[in-house]
Every structure is written in C-alpha cells, then in structure tokens.
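Q: All residue numbers for the sequence shown refer to UniProt numbering, where the first residue is 1 and numbers rise by one.
We treat Cβ as the ideally placed atom computed from N, Cα and C, and that holds for glycine.
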Amino acid sequence: MRDYKIVVLGAGGVGKSSITVQFVQGVYIESYDPTIEDSYRKQIEVDGRACDLEILDTAGVAQFTAMRELYIKSGKGFLLVYSVTDENSLKELLALREQVLRIKDSDNVPMVLVGNKCDLDEDRVLSIEDGVKVSQDWGLVPFYETSAMYKTNVDEAFIDVVRQIMRKEAAISAEKKQQKEKQKVEQPVVSKQPVAEQPKKVEPANARQNQSTKGNKSSSGSKCCTIM
Ligand SMILES: Nc1nc2c(ncn2[C@@H]2O[C@H](COP(=O)(O)OP(=O)(O)O)[C@@H](O)[C@H]2O)c(=O)[nH]1
Ligand SMILES: [Mg+2]
C-alpha cells in the first residue's frame, strides 16, 4: 500500500483541524485546541488503489520554524486553507505557498486551495470569484469551497490532492523507465565472454594463408606478417 503524506496549512482559526477531523473521523468538533498540531492516519481507496494517508494538521503558521521546513519537505501534497470569512487568511496563503514551492524547489507541487466555512453566508467577505482568481494566479490549482461543519467538499479536496500525488508519481516512474531504456540503447553491447577465452574463428582461406606465411614469420622473427 502506498504512503501519502498530506500537510494541511493555513492561518489560525480557518478550520484546518475541523476539516481534518471531519475527513478522518467523520465528526465536526465545535472547538478544537488551536495550538494542537497532530497527525492522523486514514486508509482510503482512490481509483481502485489502496492508499495509506498520513495527514498533518498544522498549527501556528505565523512564524517560520525549522520544524515546519521539515514537514513541508516530507509532505507530498498540501491543502492550503483560508476562511471565506477572513480576508487576511487568504493573503497569508500567498506567503505560505511561496514557502512550499521554495522548500520543495519545484513549481509542480500537488496542492489544493480550500476556502472553508462556506456555510457562513452572513459572515462571508470573500466570494467564490476571489478564490477562483487566486487559483488562476497559481496556475489553475484546484479550488474548493468547503464547510467542515456540513462536510461539504471535504472528501473531494483531500481526494484531489491524493490523485495529484498519484499522477506525479506515475509520471516520475514513467520518466525513470524511459531513461533506463535509453541508457540500454546507448550502452555498447559487451560480450559476456572474456576476450582471452573467445574461440578463434579461423576461416578456411585464412587457415591456408596462415600456413603459407608460417615460414615467413619464423624466418623474419617478426610477429607481423604481410601476405602477398
Ligand atoms: N461555521 C463553520 N465554522 C467552522 C467551520 N470550520 C471550522 N469552524 C469553526 O472555526 C473555529 C476554528 O476551527 P479550527 O478547526 O480549530 O481552526 P484551525 O485553527 O485552522 O485548526 C472553530 O470554532 C470551528 O468550530 C466551518 O466549516 N463552518
Ligand atoms: Mg487547529
């Protein structure tokens, strides 16, 4: 079974823990300790493949720590979460994404943009279009508006990241296979038999020539012989 490390990132209070616990345990927790950073395991099947997910629900995004650098390094996919009721939380994601891309040293990192608390119509300050705009700026990163409270789009967001990781791994292994094939073609075919042990193939004509030059060789004392 494949291991998939997924990291949930975003400002404090956007609903990272609520989304994670809803996805893993199927329950909505009204108040969750904002300082708790925990990892969860969940086994799911995606497109007929069994996947062992390890999900890290992070806390305390404001300051950059060596610890964060470590888990971003080991993370294979990322949920970047903001709240549709908090404009700043979307702004904070821009810096977070930059950190992820810098640490992974790649523009192609499996991730989804998540606008949580979409059930809170009255408190909403960010529209769907605001999320779509950011997703476009990021090169069409998949975007979901979610509600951890009602489990809206929660599974979809996680499964999207898993699919992206699968696609990326399949592309990498296809590339490796292609390189191996290429190396095989480029490498000269080396005989397995040591040169010294290779039987000498003597054509009948050569055999005659050898005989006729025998005298030549011995008389001149030279190892080189010219056949007239
Ligand atoms: N209405 C509503 N409240 C939410 C939702 N998700 C989280 N919350 C609430 O927002 C607060 C912060 O959630 P939490 O998961 O602890 O945020 P975190 O700091 O990002 O982990 C809590 O009181 C949650 O109950 C949601 O989808 N809808
Ligand atoms: Mg939390």
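1. Terminal residues of the continuous alpha helix (DSSP H) containing residue 166?
2. If I measure Cβ to Cβ from residue 119 and keep anything under 6 Å in the same chain, skipping five residues before and after, which residues do I get?
3. Around the Cβ of residue 3, are there at least 16 other Cβ atoms within 10 angstroms (buried) or fewer (exposed)?
4. Please give the ranges of any alpha helix (DSSP H) in the stretch 24–65, keeping only runs that are unbroken, at least 4 residues long and fully inside the region.
5. Taking the CB atoms as reference points, tell me whether residue 131 and residue 145 lie closer together than 8 Å.
6. Go ahead and pull the three-state DSSP assignment for residue 4.
7. Could you tell me if residue 77 is buried or exposed, where buried requires 16 or more neighbouring beta carbons within 10 angstroms of its beta carbon?
8. I need the DSSP call for residue 88, collapsed to helix, strand or coil.
9. Pull up the distance between the alpha-carbon of residue 27 and that of residue 100, whole angstroms please.
10. Looking only at its chain, what residues have a beta carbon closer than 6 Å to the beta carbon of residue 108, apart from the 5 residues adjacent to it on each side?
11. Check this for me: beta carbons of residue 41 and residue 52, under 8 Å apart or not?
12. Which whole-angstrom value is the C-beta distance of residue 154 and residue 22, which I expect to be below 8 Å?
13. Going by C-alpha distance, which of 116, 181, 73, 159 is nearest residue 102?
14. Compute the beta-carbon to beta-carbon distance between residue 141 and residue 116, rounded to the nearest angstrom, for a pair I have assumed lies under 8 Å.
15. Going by the C-beta, is residue 32 closer than 7 Å to any heavy atom of ligand 2?
A: For this structure:
1. 154–186
2. 147, 149, 150
3. exposed
4. none
5. yes
6. strand
7. buried
8. helix
9. 29 Å
10. none
11. yes
12. 5 Å
13. 73
14. Rounded, the Cβ-Cβ distance is 16 Å, inconsistent with contact.
15. yes
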